[in-house]
Each structure stands twice: as C-alpha cells, then as structure tokens.
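Notes to accompany the following structure.
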Amino acid sequence: MAEVDENQLAALRARTDRLLTALNVADDQKMAEWLQQRLGLLAQRDTAMLHRLLHDIEKKLAE
Numbered sequence: 078m079a080e081v082d083e084n085q086l087a088a089l090r091a092r093t094d095r096l097l098t099a100l101n102v103a104d105d106q107k108m109a110e111w112l113q114q115r116l117g118l119l120a121q122r123d124t125a126m127l128h129r130l131l132h133d134i135e136k137k138l139a140e
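So the mapping is simple: this note's numbering equals the position in the sequence shown, first residue as 1, plus 77.
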C-alpha cells in the first residue's frame, strides 16, 4: 500500500469539513469524527479518488 501524502490528507480533511458544513450536517459530531478518523486509513489511490469525488460534488453544489 502506497503511503499517503500528509499534505494531501490534510487538504482532504479540510474539504470534507467544508462539504459537511455546506450540506448542513457538520453538527453530526459522531459522523464527522468517524470520517476524519477513517480518512487516515486510506491508501494513496483511494485518497486521490476521494479528492476527485469531492471535486465533482462541490462542482455540482455550486451549480
């Protein structure tokens, strides 16, 4: 398993926080904590794919 770049992981965590806020679910502390913990377990390829998915979601929300 390829090691995840810490900067990429930090950016992913920030993006997920912004998305949770945009979706009005940031107050679901249990889900937010679970998500932040699980992001650290992703492989490099998974992290890159999640960045692409979040980009698509952010783009769709901005329409």
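Ideal Cβ placement from N, Cα and C applies to all residues, glycine included.
Which term fits residue 89, buried or exposed, when burial requires 16 or more other beta carbons within 10 angstroms of its beta carbon?
buried
How big is the Cα-Cα spacing for residue 103 and residue 87?
17 angstroms
For residue 134, the nearest candidate out of 97, 105, 83 (CA to CA):
97
Do you know how far the Cα of residue 109 is from the Cα of residue 94?
8 angstroms
Grab me the residues of residue 122's own chain with a C-beta within less than 6 angstroms of its C-beta, minus the 5 sequence neighbours each way, in chain order.
none
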